[in-house]
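Below: one structure, written as C-alpha cells.
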Ligand code: PAF
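Residue numbers (the working numbering): 24 to 302.
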C-alpha cells in the first residue's frame, strides 16, 4: 500500500492506473478510522480495481468554534487498518497542498444544504462540496463511497455530481453501529464509556419513532414529538429532529412509507452527534 501526500503524485498515479484500464474507487475520510469507514473500504474493494482512501481533516468544513484542532489525527493507526482492508493507496495531503494561500473558489450546493445540519453549521457543506470536488479532480475516481450516517452529506454530493455532470458514481453505504446501537463516528472518541452508553438513547428514540409509524401513525408532528420526547434528558440538547425525503434529505409534508427518514442531531454533553433511520 502506498501513502501519497502530494496531489501531483496522486494525479500521476491515477492517470497511470487509468491508462492500464483500471477502475478507481475513492473513500473520502477525515481519518480516525473506525469499522464504519472500514466497511466503506470493503464496499469500494468490491466495486473497483484500485481503492484510494483519502485522509484529510478538511479545515473549510469546520466553523470557527468547532473541533478542527481537537479532531483526532492518527495516520499510523489508520494506515494499518487500510492495509488490513486491502486499500491500495492512502492519499493524505496537508491543508497547504489542498488549499493554495489565495484560493478563492468554492463549490456550493444551495438547496439541500439550507436544511438540517446546514442551519446550525452555515458553511459546513460548502467546505464538504469544495473538498470533495478537489479530491475528485485529483484522484479521478470512477466510484466514491459515502456512509449513510451522514445522509444529508450524501444527498448533497449526489446533487452536486448530478448538477455539475461529474463522471463519478456515488455508492451509499449502510450505517454501522456498536452493539449498543450507537452509530459509529470518529467523534464518539470525545465521549467517556458512560457517555457512549447514554448516547444510545438517540438510536432508541429513532426506533420509537419508527415503531410509531409501524402502528399506522403518519402525522409528522406526532412522530417528531415522540422522538424529541424520547431523546431528551438532562445531558441531551436537541439541535433538530426532522422527517425528510430519504433520497434528497429535503423536508416533506407527507410521509412516504419506506422512502422517508427521521434525521436527528443533538448535543450529548459536549459532543455533537447525528443519526437517522428510514421509516
Ligand atoms: O464525511 C466526512 O468524513 C467528510 O465530510 C468528508 C466527506 C471526508 C469530506 O471532508
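A virtual CB, placed ideally from N, CA and C, is assigned to each residue, including glycine.
Rounded to whole angstroms, the gap between the alpha carbons of residue 125 and residue 58 is 37 Å.
Using a Cβ distance threshold of 8 Å, residue 267 and residue 289 do not count as a contacting pair.
Of all alpha-carbon atoms in 64, 30 and 123, the one lying nearest the alpha-carbon of residue 83 is that of 123. In the DSSP assignment, residue 85 falls outside any beta strand (DSSP E), carrying neither H nor E.
Residue 52 carries a strand assignment under DSSP once its states are collapsed to helix, strand and coil.
Residue 106 carries a helical assignment under DSSP once its states are collapsed to helix, strand and coil. In this structure, the alpha-carbon of residue 30 lies about 14 Å from that of residue 49. In this structure, residue 82 has its CB at a distance of at least 7 Å from all heavy atoms of ligand 1. The continuous alpha helix (DSSP H) containing residue 254 extends over residues 243-254. Two segments are said to touch when three or more pairs of C-beta atoms, one from each, lie closer than 8 Å; by this definition the region 106-113 touches the region 66-78.
Per DSSP, the unbroken beta strand (DSSP E) holding residue 294 starts and ends at 294-301. Under the DSSP definition of a beta bridge, residue 259 partners with 291. The region 143-152 makes contact with the region 83-99: 3 or more CB pairs, one atom from each, lie closer than 8 Å.
Residue 225 is a Cβ neighbour of residue 254, given a cutoff of 8 Å.
Residue 151 has its Cβ nearer than 7 Å to a heavy atom of ligand 1.
Taking C-beta atoms as the reference points, residue 286 and residue 139 count as a pair closer than 8 Å. If you look at residue 276, you'll find it isn't in any beta strand (DSSP E); DSSP assigns it neither H nor E. Shortest Cα-Cα distance from residue 163 to any of 294, 40, 301 and 296 involves 40. Annotation for residue 204: 223 and 226 place their beta carbon closer than 6 Å to its own, counting only its chain and skipping 5 residues before and after. The beta carbon of residue 156 sits no closer than 7 Å to any heavy atom of ligand 1. Within the model, the alpha-carbon separation for residue 104 versus residue 220 is close to 25 Å. Around the Cβ of residue 56, a 10 Å sphere holds 16 or more other Cβ atoms; the residue is buried.
Under the three-state reduction of DSSP, residue 169 is assigned to strand.
Residue 130 and residue 136 have their alpha carbons spaced roughly 12 Å apart. Here the distance from the Cβ of residue 176 to the nearest heavy atom of ligand 1 is below 7 Å.
For residue 73, the closest C-alpha among the options 44, 101 and 94 is that of 44. By the Cβ neighbour-count rule, residue 100 is exposed, with fewer than 16 other Cβ atoms within 10 Å of its own. When beta bridges are read from the DSSP output, residue 114 appears opposite 27 and 77.
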